[in-house]
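Student: In the numbering used here, the protein residues as written are 1 to 960. Just so you know, even glycine gets a beta-carbon here, dropped at the ideal spot from N, CA and C. Here's a structure for you.
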């Protein structure tokens, strides 16, 4: 066997020598030089006199010029236009003699000098995070590299080298004794065992070709694109290219993608999906990919540990410092799971496994079991024996996700039985004790298929080798027992973990099937299992109009909520920072109890007489200043605003209405024509003829900024001008409608004095002033119960929605007795569902919750934390152009350039997706969709604000 081994690093040339060679051999004049890292060759970045940059490679002595020319030919193949899609490959520059390889004899030693153009970008190792999209592009690049190099012939006489993926055990054996940590040694030997088993069965069937074989994180460059994300830009260093197993290209890319990842197999899956989208993997390749990738990391770690022990370099330390932690994580994942995840990521067929025996199972415990509570409900306190389902999330496994934790493990592996008292456990089937530990037992059950059952938290007197019969006692569970079954002993050993991640659940379901039937448990199928997030989204897209969009590109399926937290089908928690609909918290117990009790008692329409409607109207008007005392109860904020405009037009006998530019007031036909956010946006057809805009008082983007103490008066002057114009035309305004803080416009807060002067101008012309409190009412500002109070005004009409019912469809209009009487022209106003008994009970419960729990004061306290922390982030992250906050109503405006204030809508959407993936919910708004809206339930605490801003800081610090 001919082996191409790497030479040891040698003495470095000085800058004068490099400059001399460049000038004499290549006709290039160096003006500055910077050393680069390298395993054996000397690599130097050189700035040239013409402003360009090149990389000079000075080989170690003894390098073969024919091999280098062969590599240059491979680079030319990869660099052909379109060969790697948009990705570039390094190429070699020709010297004056036309050759790309220049031998230089100096001090009795021959070195080979090559020069390559500098490619811009950052190595993947330099990026502090890798998105699934970037990793998918890495996999796609690996597939295209295989295709680009397919025409190449093998290097004559060379069959392998140290870094050949097929030679991993030999490379590891040469350095394993340098690994002093016995745990690390054992992990490496375990992975080598996986490698050997896989290769024994599949090596002969692996397709062979010339491959780059070194798409590691130091050899791939990325650059940010117009969408704000990093994309694969270029591939470097063909020094390890070889004719070997084709799967080696993907195995190396997968291996290094798993470094610095809390969930390495999720990263690997993203790379594999990208590769498989371009090039189909064979059955043999699917079988060996996981052990090959894991073994490659072992080669890296062992090789550089050995070289460090022999007197290594900083380069060696950098190459292995992240490798050992990745190996430790991989060693806990059985190869069966690895192969299944590979197959699933590649879109290959997966055998579900044969059904396990269960028909003749003996019931393992004399317990009357009830299911665990769902993930969003508190753990039951009624002391009943409970059953937790296999690969399900519930109140015992749900987790609140936090930054840098990786994917949360929330799905129970096996079933769990709990009881307030110890209980005896019997064997459901005949078996033999495979292992007996302090707190666990593994039984082997022979049959058409051998099954291993693992019993955790079991106090058992049985020892290894003992035979147990069906129905025979095997031990006692103090108060809890977890049981899982497995198709192999190796997975039974790994199955000691109580929880697995959702991304691995499908693989675990095959190697560890649901043990309910096997254990004789009466566990009815869960109908929710069929309705996955993908199926729900597909059905929603099929049955609803495209205009009814959902949040997020990759939406999660929510199944419950509690307080400021929402939970998906996998038990993953999401801190809700944007949902002002659930004003006093998701699934608020007081609200739920009030609704349930009233539903049991009475629900009818508001023309009947019942106490609840009178009591609620009394409570609501008591919170408003005089003379606001007459209530109309409706079902939505849009309905409330529509009615308010109708009242104003009826009472004044006029039609024209003033609105603030950028405002949004609802989705009825009337309100769409009164909402610049809609009629000026995509698909908009312009305002109604009776709609008249006034200038938006935006102190960040408008002409009168934060530094102008008279900004309120100057913006209000435009209201006066519009009133005067309409009056001169003989069409004075019926009303001026304004949100008390502009929501959809991007969380715009009015400067002091604005509404006071605007209202004065409108009223002087006989118009009415409508305060739209749908977004901000009910204590959200903290220092005031209503948003208009901060402006020192009392409107003629106030509208309310969203928070009034904590998610229940209810809303209200409140006005004066004089206006209400003038509206009564003889035409009756009736709303079937507005003010029904259930709605009134809910509305009263919301008011009780705000008052008795001090939620308005909490809004002030939490709002201060949000404002202060976000202000600190603005000082560190240039993407944040402005932070606007009043209590728990906040807007973060993102810009690409603080000087030009160019909006950053792509970045805002991407940031929201990344925050969602970390369990934090926020979403863009504003006319340019570049303002993050933060308006959480008032159950959101100062601690929640700290967590939210901590995660936001971490995500903003990432390389997207």
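Considering only their Cβ atoms, is the gap separating residue 879 from residue 907 smaller than 8 Å?
Tutor: Closer than 8 Å, so yes.
Student: Ignore the nearest five residues each way along the sequence and tell me which others in residue 461's own chain have a CB closer than 8 Å to its CB.
Tutor: Cβ within range, chain order: 475.
Student: Out of 197, 358, 218, 618, which has the shortest C-alpha to C-alpha gap to residue 238?
Tutor: Answer by Cα proximity: 218.
Student: Whose CA, out of 152, 586, 95, 577, lies closest to the CA of residue 846?
Tutor: If we check each option's Cα against that of residue 846, 586 comes out closest.
Student: Grab me the residues of residue 41's own chain with a C-beta within less than 7 Å of its C-beta, minus the 5 sequence neighbours each way, in chain order.
Tutor: Closer than 7 Å at Cβ, skipping near neighbours: 57, 58, 59, 60.
Student: Assuming residue 659 contacts residue 748 under a Cβ cut-off of 8 Å, what Cβ separation, rounded to an integer in Å, is found between them?
Tutor: Contact doesn't hold; Cβ gap of about 13 Å is too wide.
Student: For residue 621, does the three-state DSSP call read helix, strand or coil?
Tutor: Note: residue 621 maps to helix in three-state DSSP.
Student: Between residue 54 and residue 118, is the Cβ-Cβ spacing less than 8 Å?
Tutor: For residue 54 and residue 118, yes; Cβs fall inside 8 Å.
Student: Alpha carbon to alpha carbon, how far is residue 862 from residue 942? Give it in angstroms, no decimals.
Tutor: Each residue's Cα considered, the two are about 5 Å apart.
Student: Pull up the distance between the alpha-carbon of residue 717 and that of residue 740, whole angstroms please.
Tutor: Between residue 717 and residue 740, the C-alpha separation is close to 18 Å.
Student: From what residue to what residue does the alpha helix (DSSP H) around residue 872 run?
Tutor: Element bounds for residue 872: 855–876.
Student: Need the endpoints of the alpha helix (DSSP H) that residue 944 sits in, please.
Tutor: Element bounds for residue 944: 942–957.
Student: Under 6 Å Cβ to Cβ from residue 712, same chain only, skipping five residues before and after it: list those, please.
Tutor: Same-chain partners within the cutoff: 751, 752, 753, 754.
Student: Report the option in 105, 138, 84, 949 whose CA atom is closest to the CA atom of residue 576.
Tutor: Considering only alpha carbons, the answer is 949.
Student: Report the rounded CA-to-CA distance for residue 250 versus residue 139, giving the unit in angstroms.
Tutor: When rounded, the distance between both Cα atoms is 7 Å.
Student: Residue 679 by DSSP, collapsed to three states: which one?
Tutor: It is helical.
Student: Could you tell me whether the Cβ atoms of residue 25 and residue 102 are closer together than 8 Å?
Tutor: It is a contact, given that the beta carbons lie within the stated cut-off.
Student: Look up residue 163 in the DSSP assignment and say whether it is helix, strand or coil.
Tutor: Three-state DSSP puts residue 163 in coil, outside helix and strand.
Student: Hey, residue 68 and residue 188: beta-carbon distance below 8 Å or not?
Tutor: No. Outside cutoff.
Student: Tell me the rounded alpha-carbon separation between residue 902 and residue 896.
Tutor: The alpha-carbon atoms of residue 902 and residue 896 are separated by roughly 5 Å.
Student: Is the separation between the beta-carbon of residue 265 and that of residue 322 shorter than 8 Å?
Tutor: For residue 265 and residue 322, no; Cβs fall outside 8 Å.
Student: Check this for me: beta carbons of residue 842 and residue 647, under 8 Å apart or not?
Tutor: Result no, Cβ atoms of residue 842 and residue 647 do not sit closer than 8 Å.
Student: Is it the case that the Cβ atoms of residue 517 and residue 353 are separated by a distance below 8 Å?
Tutor: No, these two residues do not count as a Cβ contact at 8 Å.
Student: Does residue 199 pass the burial test, meaning 16 or more other C-beta atoms within 10 Å, or should it be called exposed?
Tutor: The residue is buried, with at least 16 neighbouring Cβ atoms inside 10 Å.
Student: Please name the residue or residues paired with residue 452 in a DSSP beta bridge.
Tutor: Bridge partners of residue 452: 444, 486.
Student: Please report the straight-line C-alpha distance between residue 241 and residue 210, rounded to a whole angstrom.
Tutor: Distance between the alpha carbons of residue 241 and residue 210 is about 7 Å.
Student: What did DSSP end up calling residue 802 once you bin it into helix, strand or coil?
Tutor: In the structure shown, residue 802 sits in a helix (DSSP, three-state: H, G or I).
Student: Using three-state DSSP, classify residue 708 as helix, strand or coil.
Tutor: Three-state result, residue 708: coil.
Student: Report the residue ranges of all alpha helix (DSSP H) runs contained in full by the region 297–327; include only those spanning at least 4 residues, in chain order.
Tutor: Those alpha helix (DSSP H) runs which fall completely within the region 297–327 and span 4+ residues are 314–320.
Student: Measure the Cβ-Cβ separation of residue 923 and residue 567 and say whether it is below 8 Å.
Tutor: No.
Student: Output the boundary residues of the alpha helix (DSSP H) element that contains residue 256.
Tutor: Where residue 256 is concerned, the enclosing alpha helix (DSSP H) stretches over 247–257.
Student: Curious, which full-length beta strand (DSSP E) runs of at least 3 residues does the region 576–655 contain?
Tutor: Segments of the beta strand (DSSP E) lying fully in the region 576–655: 628–634.
Student: Between residue 184 and residue 37, what straight-line distance do the alpha-carbon atoms span, to the nearest angstrom?
Tutor: Answer to the nearest angstrom: the Cα atoms are 27 Å apart.
Student: According to DSSP, what are the bridge partners of residue 238?
Tutor: Residue 238 pairs with nothing; no bridge assigned.
Student: Indicate whether residue 502 and residue 410 have their beta-carbon atoms separated by less than 8 Å.
Tutor: Yes, these two residues count as a Cβ contact at 8 Å.
Student: Could you say which of 471, 350, 642, 649 lies nearest to residue 669 if we only look at CA atoms?
Tutor: Nearest of 471, 350, 642, 649 to residue 669, Cα basis: 642.
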